[in-house]
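Q: Numbering of the sequence shown is given in the numbering used here, commencing with residue 278 and proceeding in unit increments.
Here a beta-carbon is modelled for each residue, glycine too, at the ideal position from N, C-alpha and C.
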Amino acid sequence: MSTDTRLTHDPVTEAVERSRRASAEFGEKLGVFVTPLHDEALKAHRDRPATGELAGVTLGVKDIVFESSAPTTAQSHVALADWPHGQPEATAVTRLKNAGAVVVGKTATMEYALGVPDTDGPGPVSRNPWDPARWAGGSSSGSGSGVLTGCFDAALGTDTTGSLRIPAAYTGTTALKPTRGRVPTTGVYPLAPSLDTVGPLAGSIDLCARLLSVLAGPDPADPWAATAPAGDYVGALDADVAGLRIGVDTLSEYADAGVDPAQPALFARALRDLDALGVRRGEVRVPSYPLLNVVGNVLMLAEAHEIHHDTLARDWKRYGRGARWVFAAGASITSYDYLRAQRTRDALSSEVQRLFDEVDLIVTPTCHLGAPPLDGMSPLEPSTYLGSMHTTAWSVTGNPVASVPIGFTDDGLPLAMSVVGPHWAEDRVIALAAAFQRTTDHHQRRP
């Protein structure tokens, strides 16, 4: 712990020490961190005082994202042995640091960010602060638990088919998946490059917007990064949403793992809260929704297998059970299957984008069930607990999405809704989410 008296009343130092205290109470119990970095954060602040629009914001960084002060393990025995040395820090991390954010730890994930909890790995399985016997979601697992318990103010995570939005929904926090390409993925270990996105998770859309305002922008080193101009994300927090056309799809017929008895009423109440903001609401049908999910699974499996092909053959036993079988499953996908999935993706994405000729935003549930119990979960049977999540389709289409808490089940577990915008319209997504959070307090609740 720092004894530098010059920093005793420094707000950045005080923020790091608050993070340290919360981490001592919750970090190990809930499996938040792979590597705590409080001492490193204070040293970095002494050497180069944190200044900028994010000064004093404590940050957890998902452990597939390179950060200069700690190893990046991807929570894998394979990565621990083979991770390349001298890898440049992720562009997203550097941007946040340059704006004054202070990294206080590398946060728990699943092996190579595959959203499957597995005790075979070298790192912790994150637990849910609302009920530690339940999962925190994934794969940005420690991000959700850490934000909710004050271990850090915000987290930098990744989202391939829901890895930010699922933990946000399960822990009652807020996540923002940008349009694919809005934030560079340089310095992030890929899971499925054509689906991967980088984004923030925080206690409110307010802080997510502030982080996105720093994160957004092209990077010449990232072939996936887009050049579309960034919006005024902070300004969008105060935007008037009256008159916005909102299309609602309950997606209830696709809740294959079931629907919590409280979910329909909570979602209906959230829609009434939106009505009170002056929006114009109607029903829509997300076109070809089941096929979007199939396409997402094909793309993820094929791309992940290509990345891990050589190490799977060499180090099969060093992979965890869930990761090795899921990665290996991609071997069954032929080049024809993959190309057909990409062509189908293009056609379906165009179909979805045409919906935004009729509405400004789409609202759906993020999930129909609260966090599942860890006991009995199998990394070999993920469909038993992911079947009522509604995140993959928007990863396939690339649209920006915010997951926002809407209330609690009778068991005291959070549920959430998704606010979906057209490509590059993160500001519109932020505006509606912020207006909703100004008039509700679900995101402020703590265990």
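May I ask you to list the residues that DSSP assigns as paired with Asp408?
A: Its beta-bridge partners are Asn405.
Q: With distances taken from CA atoms, which of Ala608, Ala502, Val636 is nearest Val561?
A: Cα-wise, what sits closest to Val561 is Val636.
Q: Specify the secondary structure class of Thr312 as computed by DSSP and reduced to three states.
A: Thr312 falls in the strand class under three-state DSSP.
Q: Among Glu388, Gly308, Thr462, whose alpha-carbon lies nearest the alpha-carbon of Phe343?
A: Per the Cα distances, Thr462.
Q: Measuring straight from C-alpha to C-alpha, what distance separates Trp593 and Ala385?
A: Spanning the two alpha carbons is a distance of roughly 22 Å.
Q: How about Gln540 and Leu692: are their beta carbons less than 7 Å apart?
A: Yes, the pair counts as a contact, with Cβ atoms nearer than the cut-off.
Q: Would you tell me roughly how many angstroms separate the C-alpha atoms of Val379 and Gly559, rounded to the nearest one?
A: Roughly 43 Å between the two C-alpha positions.
Q: On the premise that Leu478 lies in contact with Pro444, defined as a C-beta separation below 8 Å, what is that separation, rounded to the nearest angstrom?
A: Sure, about 7 Å apart at Cβ, within 8 Å.
Q: Quick check on the DSSP output: what are the complete alpha helix (DSSP H) runs of length 4 or more inside the segment 343 to 396, in order along the chain?
A: Whole alpha helix (DSSP H) segments, 4+ residues: 354 to 359, 368 to 375.
Q: Select from Thr426, Gly415, Phe429 the residue whose C-alpha is nearest the C-alpha of Thr435.
A: Of Thr426, Gly415, Phe429, the residue nearest in Cα terms is Gly415.
Q: Between the C-alpha atoms of Arg459 and Leu709, what's the straight-line distance to the nearest angstrom?
A: Roughly 19 Å between the two C-alpha positions.
Q: Enumerated in chain order, which unbroken segments of the alpha helix (DSSP H) with a length of 4 residues or greater are wholly contained in the segment 539 to 592?
A: Segments of the alpha helix (DSSP H) lying fully in the segment 539 to 592: 540 to 553, 566 to 592.
Q: Would you tell me roughly how many angstroms separate the C-alpha atoms of Tyr615 and Leu543, rounded to the nearest one?
A: Answer to the nearest angstrom: the Cα atoms are 39 Å apart.
Q: Which of the three DSSP states, helix, strand or coil, is assigned to Gly494?
A: Coil, per DSSP.
Q: Using three-state DSSP, classify Gly419 as helix, strand or coil.
A: Reduced to three states, the DSSP call for Gly419 is helix.
Q: Taking the alpha carbon of Pro579 as the point to measure from, which residue in Pro470, Pro497, Pro564, Phe685 has its own alpha carbon closest?
A: Correcting the residue identity first, residue 579 is Ala in this sequence and not Pro. Per the Cα distances, Pro470.
Q: Report the start-end ranges of each alpha helix (DSSP H) in the segment 451 to 494 that is 4 residues or longer and not cut off at the edges.
A: Counting whole runs of 4 or more residues, the segment 451 to 494 contains the alpha helix (DSSP H) stretches 482 to 492.
Q: Using a Cβ-Cβ cut-off of 7 Å (strictly less than) and excluding sequence neighbours within five positions of Val355, which residues of its own chain qualify?
A: Around Val355: Thr588, Asp592, Arg595, Tyr596.
Q: So, using beta-carbon positions, are Ser665 and Val678 closer together than 7 Å?
A: No.
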